[in-house]
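Numbering (this note's numbering), first residue to last: 2 to 266. Positions of the beta carbon are idealized from the N, C-alpha and C atoms, including for glycine. Owing to the predicted nature of the structure, the values given are computational and were not obtained by experimental measurement.
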Ligand code: DGL
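Pasting the structure below:
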């Protein structure tokens, strides 16, 4: 088990923002990453679709790679499927991702926090109970960002800029004065890759918060055995969509040069 890889998946390229943090936290572990770009976006589809895809990917990672843990590097899939996957794989440590509302409460001075996420995440029971658990500690202004993950997948910069402008405007007034939103939660793993576009909209003083690092630390805690070697861990990247897209993003953000494989599941 020590030498088995950790499985990681997302609807597409977004989970690479989590994989980057995982590799920094666990440099000797091997990872197998599946981008389900051929079946993305998840965020505007119903739970049935997301659950079915999450089950198929988990089964593949177990059967083909014998993974020792699974990181669901997708807020939408975590909200829809983590409880089912944990029930169906009780022997497998499964780590999920949720919008970083708790860290945001700690960071915010004005007590007004913007949350950008997919429609699927924001309408989930899991997200509702997260908000309820923080009742009275801050005001959350939640914005479903239809089309944004898809525009990031397609590297459509014009659309990304337009959607960032529309959605941040809809959230409200950003800044550090009383009554303004001083913290913006990036509640979809695709959004850290467009941090520069969001920053232009909200200004220099607003905190942008994602949860790559907390998820990586949580994964370390949940692993029953760490790799015994001192050699750098290997990553295998697979996609159900266009391998060149995942390859480009992985090269840019993770300095990953090995070929990406096409996966038909
Ligand atoms: N990256 C995913 C998330 O964190 C979802 C993007 C999508 O497929 O809609 O929610």
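When the beta-carbon positions are compared, residue 196 and residue 176 stay at least 8 Å from each other. Relative to the ligand DGL, the beta carbon of residue 50 is positioned no closer than 7 Å to any heavy atom. Following the DSSP letters along the chain, one finds residue 66 inside the alpha helix (DSSP H) bounded by residues 48-66. When distances are taken from the beta-carbon of residue 163 to the heavy atoms of the ligand DGL, even the shortest one reaches 7 Å or more. In terms of Cβ geometry, residue 116 and residue 139 do not form a close pair [threshold 8 Å]. In terms of Cα proximity to residue 5, the closest of 33, 143, 69 is 69. The Cβ atoms of residue 22 and residue 148 lie no closer than 8 Å to each other. Spanning the alpha carbons of residue 185 and residue 111 requires a straight line of approximately 12 Å. DSSP places residue 232 in no beta strand (DSSP E); its state is neither H nor E.
Under the three-state reduction of DSSP output, residue 181 falls in the coil class, being neither helix nor strand. Secondary structure of residue 251 (DSSP, three-state): helix. In the three-state DSSP reduction, residue 208 falls in the strand class (E or B). Residue 124 and residue 232 have their C-alpha atoms spaced approximately 43 Å apart.
Its Cα nearest to that of residue 114, the residue 172 stands out among 172, 156, 97, 7.
Annotation: residue 43 to residue 54 spans about 9 Å, alpha carbon to alpha carbon. Closer than 7 Å to some heavy atom of the ligand DGL: that describes the Cβ of residue 13.
In the DSSP secondary-structure assignment, residue 43 is not bridged to any residue.
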